[in-house]
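In the UniProt record's numbering, the protein residues as written are 1 to 386.
Working notes, beginning with the structure itself.
Structural data, given as structure tokens:
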């Protein structure tokens, strides 16, 4: 599988929703903070930016300061690389949070912690133990070399497994090795504290369990690329629909459906008019921890909103009645037909590919379509839960 190149600067208008921790950071640092509204009319505190460096975004994500990001533009398909970079970063961050939670559960169930808690009930180590960044810094200063040895012991079989599966595809193998190292390196403070506590005391088989967990998440990370390809297909269909709908409403002469694809000059003319009229397409990514039957889970969602969604919600709230209906993407595609705004077959193929990959790795996947009263697509939502 070819991995998309990561942009160093994301050059697309963004609204960034901050977590409570992120809000506190900005307030304490006297940095500007805004009350923002997403396309689904949800209000939150965050930032509005015209672009952001990938490194800055990674830092904010690694500290759990972000809960969602919305990208918007009239010609959003021209920002394909920005969309793919955003999708990759956000999906991998969601995976990292879930990896940290699963590793934390394994650490708490380790034999040494179990024995410690039995003999030291007053000093029991539980999931509620608070570990500061300062404490972790001290651990690295005192035990850094030992922890590096543990890291090497855990990652060596992971690297071997990657080389075995990838074979001669050296570039892809190196990318996956870096990702494996990142999963281990970006553990939360709690996990580092426990790992340092049990180092060289726990049965080495326990380290093998951690290697196996990293292997699982390396495989899960590949879903992000299937997801990105599917997202671009959905955006293309939604944008073509928006352009045609706008042209018809503005009575732009001589516009036919097939011209949206074939006549780039006309397409650019319509897009320029849409930009001036602030007629945009919106892509919203969000992820959060939720309660599940197994305890907790991470829910990752992507929603593509067309330009009329927000106006329809406002109108419906005034009338106190909803004109939006929702159905599964499978139901929608089964009732639709191939037309010049997009291929039903291709959309179905991409969605089925994501679904199959998710099922093979025990990840729940669902896709839904919200429609307006006259059956225009208003929003498409992809949901993954793991």
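All C-beta atoms in this analysis are idealised placements derived from N, C-alpha and C, irrespective of residue type, glycine included.
- For residue 318, collect the residues of the same chain with a Cβ closer than 7 Å to its Cβ; drop the 5 residues on either side in sequence, then sort them by chain order. Residue placement at residue 318 is poorly supported in this model, since its pLDDT is 39, which falls under 50; the coordinates still yield a value, given next. Excluding residues within five positions, none has a Cβ falling inside 7 Å.
- Note down, in chain order, each residue of its chain lying with its Cβ closer than 6 Å to the Cβ of residue 275, except the 5 sequence neighbours on either side. Non-local C-beta neighbours of residue 275 in its own chain, meaning closer than 6 Å and more than five positions away in sequence, comprise 74, ordered along the chain.
- Query: Would you say the stretch 96 to 115 touches the stretch 184 to 197, given that touching needs at least three Cβ pairs under 8 Å?
  - Reply: Proximity of the stretch 96 to 115 to the stretch 184 to 197 meets the contact definition, three or more beta-carbon pairs being nearer than 8 Å.
- Could you tell me if residue 380 is buried or exposed, where buried requires 16 or more neighbouring beta carbons within 10 angstroms of its beta carbon? Buried, because 16 or more other Cβ atoms sit within 10 Å of the Cβ of residue 380.
- Roughly how many whole angstroms lie between the Cα atoms of residue 244 and residue 144? Rounded to the nearest whole angstrom, the CA to CA distance from residue 244 to residue 144 is 60 Å.
- Task: To the nearest angstrom, report how far apart residue 58 and residue 330 are at their CA atoms.
- Result: Near 34 Å, if we compare the C-alpha coordinates of residue 330 and residue 58.
- What whole-angstrom Cβ distance do residue 51 and residue 10 have, given they're in contact under 8 Å? Contact flag correct, Cβ pair sits at about 6 Å.
- Message: Can you list, in chain order, the residues of its chain with a C-beta nearer than 6 Å to that of residue 210? Leave out the 5 residues immediately preceding and following it.
- Response: Within the same chain, residue 210 has close Cβ partners 154.
- Query: If you drop the 5 nearest sequence neighbours on each side, which residues of the same chain put their C-beta closer than 8 Å to that of residue 135?
  - Reply: Annotation for residue 135: 189, 193 place their beta carbon closer than 8 Å to its own, counting only its chain and skipping 5 residues before and after.
- Taking residue 37 as part of the alpha helix (DSSP H), name the residues at either end of that continuous run. From DSSP, residue 37 is part of no alpha helix (DSSP H) but of the beta strand (DSSP E) over 34 to 37.
- Host alpha helix (DSSP H) of residue 286 (start-end): Not the alpha helix (DSSP H): residue 286 falls in the beta strand (DSSP E), residues 281 to 292.
- C-beta contact flag for residue 260 and residue 240 at 7 Å: For the 7 Å CB-CB criterion, residue 260 and residue 240 form a contact.
- Message: Measuring only the C-alpha atoms, how far is residue 158 from residue 95?
- Response: Per the coordinates, the alpha-carbon of residue 158 lies some 17 Å from the alpha-carbon of residue 95.
- Message: What does the Cβ neighbour count give for residue 85, buried or exposed, with the cut at 16 atoms within 10 Å?
- Response: Classification for residue 85: buried.
- Task: May I ask which residues mark the beginning and end of the alpha helix (DSSP H) holding residue 213?
- Result: 204 to 221 is the span of the alpha helix (DSSP H), which, as asked, contains residue 213.
- Message: Can you give me the C-alpha to C-alpha distance between residue 160 and residue 175, rounded to a whole angstrom?
- Response: Rounded to whole angstroms, residue 160 to residue 175 spans 14 Å at the Cα level.
- residue 8 classed as buried or exposed, judged by whether at least 16 other C-beta atoms fall within 10 angstroms: Residue 8 comes out exposed.
- Nearest neighbour of residue 21, chosen from 277, 223, 60 [CA to CA]: Closest in alpha carbon position to residue 21, among 277, 223, 60, is 60.
- Environment of residue 246 [buried if 16+ CB atoms lie within 10 Å]: Buried.
- Starting from the C-beta of residue 64, find all residues in its chain whose C-beta is less than 7 Å away, skip the five residues before and the five after it, and write them out in chain order. Taken in chain order, the residues that qualify are 19, 21.
- Task: Check residue 340 in the structure and name its three-state DSSP category.
- Result: Low per-residue confidence applies at residue 340: pLDDT is 44, beneath 50, and the placement is therefore not dependable, though the value from the model is reported in the following sentence. Of the three classes helix, strand and coil, the one that applies to residue 340 here is coil, per DSSP.
- Task: My understanding is that residue 47 touches residue 34, with C-beta atoms under 8 Å, so please give their C-beta distance in whole angstroms.
- Result: Contact between residue 47 and residue 34 holds, with the beta-carbon distance rounding to 6 Å and staying under 8 Å.
- Can you list, in chain order, the stretches of the beta strand (DSSP E) that have 3 or more residues and sit fully within the stretch 74 to 114? Within the stretch 74 to 114, there are no complete beta strand (DSSP E) runs of at least 3 residues.
- Along the alpha helix (DSSP H) that carries residue 277, what are the first and last residues, could you check? Neither: residue 277 is in no alpha helix (DSSP H) and is coded neither H nor E.
- Item | Nonlocal neighbours in the same chain, by C-beta distance under 6 Å from residue 196, ignoring five residues either side | Listed in chain order, the non-local C-beta contacts of residue 196 below 6 Å within the same chain comprise 139, 143, local neighbours out to five positions each way being set aside.
- Message: Tell me the residue span of the alpha helix (DSSP H) that contains residue 194.
- Response: Per DSSP, the continuous alpha helix (DSSP H) segment holding residue 194 begins and ends at 189 to 198.
- For the alpha helix (DSSP H) that contains residue 57, what are its first and last residues? DSSP places residue 57 in the uninterrupted alpha helix (DSSP H) bounded by 54 to 62.
- Spatial neighbours of residue 115 in its chain, beta-carbon cut-off 7 Å, leaving aside the 5 residues before and after: Excluding residues within five positions, none has a Cβ falling inside 7 Å.
- Message: Quick check: what's the CA-CA separation for residue 181 versus residue 327?
- Response: Here the C-alpha atom of residue 181 lies approximately 40 Å from the C-alpha atom of residue 327.
- Would you mind stating whether residue 332 and residue 233 have Cβ atoms separated by less than 7 Å? Cβ distance not < 7 Å, so residue 332 and residue 233 don't count as in contact.
- Item | Span separating the alpha-carbon of residue 368 from that of residue 383 | Looking at the backbone, the Cα of residue 368 and that of residue 383 are separated by about 9 Å.
- Query: Which stretch, first to last residue, makes up the beta strand (DSSP E) that contains residue 184?
  - Reply: For residue 184, no beta strand (DSSP E) encloses it; the enclosing alpha helix (DSSP H) starts and ends at 170 to 185.
- Task: Work out the CA separation of residue 286 and residue 42 for me, nearest whole Å.
- Result: C-alpha separation (whole angstroms): 12 Å.
- Check the C-beta distance from residue 325 over to residue 371 and give it rounded, since I have them as a contact under 8 Å. With 8 Å as the limit, residue 325 and residue 371 qualify as a contact, their Cβ atoms being about 5 Å apart.
- Query: How many angstroms separate the CA atom of residue 267 from the CA atom of residue 150?
  - Reply: About 57 Å.
- Element boundaries [beta strand (DSSP E), containing residue 303]: Residue 303 -> beta strand (DSSP E) spans 295 to 305.
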